[in-house]
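Letter by letter, the sequence shown follows residues 1 to 492 of UniProt numbering.
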Amino acid sequence: MQQIFLSSVFASNPACVSVARNAADLVQPAAGGMQPVSLKKPESALDTYLDDGLACRVRDESGNPAARRRFPIPYLWGCARPAVLGQAGLVATYRRVFGRPEFRALFASMVVSVAGDQFARVALSLLVFDRTRSAGWTAGVYALTYVPSIFAGPLLSGLADRWPRRRVMVAADLLRAGLVTVMAIPALPLPAVAALLVAVQAAGAPGNAARAATAAAVLPGEEFVLGKGLLDMVVQVAQVVGFATGGTLVAFLGPGQALVADGVTFVASAVLVRFGIRARPAPAAVDSGARLGRWWADLRAGTVLVVRTPRLRSLVGLACVAGFYVTVEGLAAPYAESIGGSAQAVGVLLAASPAGTVLGMVIVARLPSPVRMRLLGPLAVAASVPLVVCAIQPGLVVTAVLWGLSGMASAYHLPASAAFTLAVPDHRRAQAYGLAATALTTSQGAGIALAGLAATAAGASTVLAVAGLFGVLTALAAGAAWNRARRAAEPG
Numbered sequence: 001m002q003q004i005f006l007s008s009v010f011a012s013n014p015a016c017v018s019v020a021r022n023a024a025d026l027v028q029p030a031a032g033g034m035q036p037v038s039l040k041k042p043e044s045a046l047d048t049y050l051d052d053g054l055a056c057r058v059r060d061e062s063g064n065p066a067a068r069r070r071f072p073i074p075y076l077w078g079c080a081r082p083a084v085l086g087q088a089g090l091v092a093t094y095r096r097v098f099g100r101p102e103f104r105a106l107f108a109s110m111v112v113s114v115a116g117d118q119f120a121r122v123a124l125s126l127l128v129f130d131r132t133r134s135a136g137w138t139a140g141v142y143a144l145t146y147v148p149s150i151f152a153g154p155l156l157s158g159l160a161d162r163w164p165r166r167r168v169m170v171a172a173d174l175l176r177a178g179l180v181t182v183m184a185i186p187a188l189p190l191p192a193v194a195a196l197l198v199a200v201q202a203a204g205a206p207g208n209a210a211r212a213a214t215a216a217a218v219l220p221g222e223e224f225v226l227g228k229g230l231l232d233m234v235v236q237v238a239q240v241v242g243f244a245t246g247g248t249l250v251a252f253l254g255p256g257q258a259l260v261a262d263g264v265t266f267v268a269s270a271v272l273v274r275f276g277i278r279a280r281p282a283p284a285a286v287d288s289g290a291r292l293g294r295w296w297a298d299l300r301a302g303t304v305l306v307v308r309t310p311r312l313r314s315l316v317g318l319a320c321v322a323g324f325y326v327t328v329e330g331l332a333a334p335y336a337e338s339i340g341g342s343a344q345a346v347g348v349l350l351a352a353s354p355a356g357t358v359l360g361m362v363i364v365a366r367l368p369s370p371v372r373m374r375l376l377g378p379l380a381v382a383a384s385v386p387l388v389v390c391a392i393q394p395g396l397v398v399t400a401v402l403w404g405l406s407g408m409a410s411a412y413h414l415p416a417s418a419a420f421t422l423a424v425p426d427h428r429r430a431q432a433y434g435l436a437a438t439a440l441t442t443s444q445g446a447g448i449a450l451a452g453l454a455a456t457a458a459g460a461s462t463v464l465a466v467a468g469l470f471g472v473l474t475a476l477a478a479g480a481a482w483n484r485a486r487r488a489a490e491p492g
């Protein structure tokens, strides 16, 4: 027999009623407060507890209507804040996620390194422009911050499957710290700066893959979805804050000192990981004698796994829809000019999408797992629809709202990424993550590049509308593939 105590939620809201798998297991409020409950089945979905009144809408991972008819569990309605019953039988809340010391270390390391990266991007742009006075050189070097992930993702992410992941994260951070510091040398030739930049970004691929795989190991079940959302939000918030304040900080410190500060953030990240993350061996399925060998075999195995698994393949397809709606970033300046906007208008438009994404992530993370999974396709479609309206060139405010709505819908990447990570066996997780990240980055880069070329002939508003239309069609196809894969995996 198992004793479960449900207290604070019922104390704060007596209307909440707990329903177990069997009618005999119903829990009802009793006079004088909640009483211990004996469950006949230890595996019951009530194998959980609710703390500090934070838990509310509780459902298990099969909480769709059909599943509820089969076993009438798992809802607590009427509470103020939602949570989800995860695989481990615990209510997933942000408090519980941050209650795990290892996740706090991962989160803190992500915050400091991403913040430093955003300031370094601004510093690097100013450094190159100050030396060359060339917009072409400046744009080219800035583009190098994204290019390495195209090859480094598939080639280097597998290191986090062959070596202990904490060691990979620490080594990647320390290597990047050294390379960024060298970039700050005043007399360093620009080709050398560009080469070092490529190396810095390439070194980040195995580190990022190791971080994603470690988060899945640290956070069980639905907690991983919330935690992954928090890590993703760090990147989005850093874009908004970094671009808004980076220029001021770099003007105060100077480009060279800002790059040194970025190196310090990488060292801080390495320290947080080294002393905040528990040491874990490399995945057991990998032969220790093959860590330095079978490189291409591992790459091929990871690729085959993703391509031949309908669930994984469809999730990558949904991710690549971003190649269409991300075109707003590349065409913000010419579009703002076409509607009579100023330089400040460009900043407003660029900030609208990531700001919407942050809000969307908060909303999506609070939805029950079955609802999130069903909404992947519709949200992917919704992320592209606002671009179609750009054909009529609405004003700045309307456009900013539209792009913000597109960003909100693009938050489907949060559950899609979490579902992808959890669906991959642990010993292939980092490699598969690298492949998916490469597909996403390639689609975004190709989308922006092609949109830029097309806009020289057709105009920014027309290109955005066409990109939105093709995005809708692609999302419909990818969403249909995802629904087929999801239904095929459902029991019964």
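For every residue, glycine included, the Cβ atom is placed at its ideal position computed from N, Cα and C.
Work out the CA separation of T456 and R374 for me, nearest whole Å. Distance between the alpha carbons of R374 and T456: 39 Å.
According to DSSP, simplified to helix, strand and coil, what is L144? L144 falls in the coil class under three-state DSSP.
Within the region 290 to 346, note down every full alpha helix (DSSP H) run reaching 4 residues or more, in order along the chain. 295 to 308, 310 to 320, 322 to 325, 327 to 330, 332 to 338
Rounded distance between the beta-carbons of L440 and A322, thought under 8 Å: 6 Å
Do A478 and T327 have their beta-carbon atoms positioned less than 9 Å apart in this structure? Their beta carbons are not under 9 Å apart, which means T327 does not touch A478 by this criterion.
Residue range of the alpha helix (DSSP H) that includes V180: 165 to 183
CA-CA distance, G227 and S417? 12 Å
Flag this pair as touching only if the region 403 to 416 and the region 307 to 321 have three or more C-beta atom pairs under 8 Å; answer yes or no. Per the Cβ contact rule, the region 403 to 416 is in contact with the region 307 to 321 (3 or more Cβ pairs under 8 Å).
Taking the alpha-carbon positions, what's the G395 to I339 distance? The straight-line gap from Cα to Cα measures roughly 6 Å.
Which residue comes first and which comes last in the alpha helix (DSSP H) that contains T438? 429 to 458
Residue burial classification, W296 (beta-carbon count within 10 angstroms, cutoff 16): When all chains shown are included, W296 counts as exposed.
Is there contact here, the region 381 to 388 with the region 272 to 281, by at least three beta-carbon pairs under 8 Å? no
Just checking, does the region 167 to 178 make contact with the region 189 to 207 on the three C-beta pairs under 8 Å criterion? With a cut-off of 8 Å, the region 189 to 207 and the region 167 to 178 count as touching, because enough Cβ pairs lie within range.
Using only alpha-carbon positions, find the residue among R166, P334, V371 that is nearest to A458. P334
Tell me, to the nearest whole angstrom, how far the beta carbon of G263 is from that of V122; I am working on the premise that it is less than 8 Å. Not quite, the Cβ-Cβ distance comes to about 15 Å (not below 8 Å), so this is no contact.
Who are the Cβ neighbours of A152 in its own chain at under 6 Å, not counting the five residues just before and after it? A202, A205
Where S125 and V472 are concerned, what is the direct C-alpha to C-alpha distance, given to the nearest angstrom? Rounded to the nearest angstrom, the two C-alpha atoms are 34 Å apart.
Among the residues of its own chain, which have a CB less than 7 Å from the CB of T474, if the five just before and after it don't count? V321, F324
Measuring straight from C-alpha to C-alpha, what distance separates A481 and A380? 13 Å
Below 8 Å on the Cβ atoms is my contact criterion, and I expect L249 with A258 to pass it. Report the Cβ-Cβ distance as a whole number of Å. 7 Å
Using the Cβ count rule (16 or more neighbours within 10 Å means buried), how would you classify T132? exposed
Sequence-distant residues of its chain with Cβ nearer than 7 Å to L159 (five each side left out): Within the same chain, L159 has close Cβ partners V168, P206.
So what does DSSP say about A478, is it helix, strand or coil? helix
With a floor of 4 residues, list each alpha helix (DSSP H) that falls wholly inside the region 207 to 276, ordered by position along the chain. Runs found: 222 to 253, 255 to 276.
contact_flag[the region 182 to 200, the region 295 to 309] where n(CB pairs < 8 Å) is 3 or more: no
State buried or exposed for F103, treating a residue as buried only when at least 16 other CB atoms are found within 10 Å of its CB. buried
Might you give, ordered along the chain, the residues of its own chain that have their beta carbon closer than 7 Å to the beta carbon of R165, omitting 5 neighbours on each side? A210, A213, T214, R280
Can you name the start and end residues of the alpha helix (DSSP H) that D130 belongs to? 101 to 132
Does DSSP put L350 in a helix, a strand or coil? Helix, per DSSP.
Closest by C-alpha distance to S461, when choosing among L476, A332, L350, V346: A332
What do you get for I392, buried or exposed, if any count of 16 or more other CB atoms within 10 angstroms of its CB means buried? Counting Cβ neighbours within 10 Å, I392 comes out exposed, since fewer than 16 surround it.
Counted within 10 angstroms of its Cβ, other Cβ atoms place I277 as buried (16 or more) or exposed: By the neighbour-count definition (other C-beta atoms within 10 Å, threshold 16), I277 is a buried residue.
Shortest alpha-carbon distance to R429 belongs to which of L196, P283, V348, A355? Cα-wise, what sits closest to R429 is P283.
Measuring straight from C-alpha to C-alpha, what distance separates A216 and L435? 17 Å
Kindly indicate which three-state DSSP category A383 falls into: helix, strand or coil? helix
Ends of the alpha helix (DSSP H) at R95? 94 to 98
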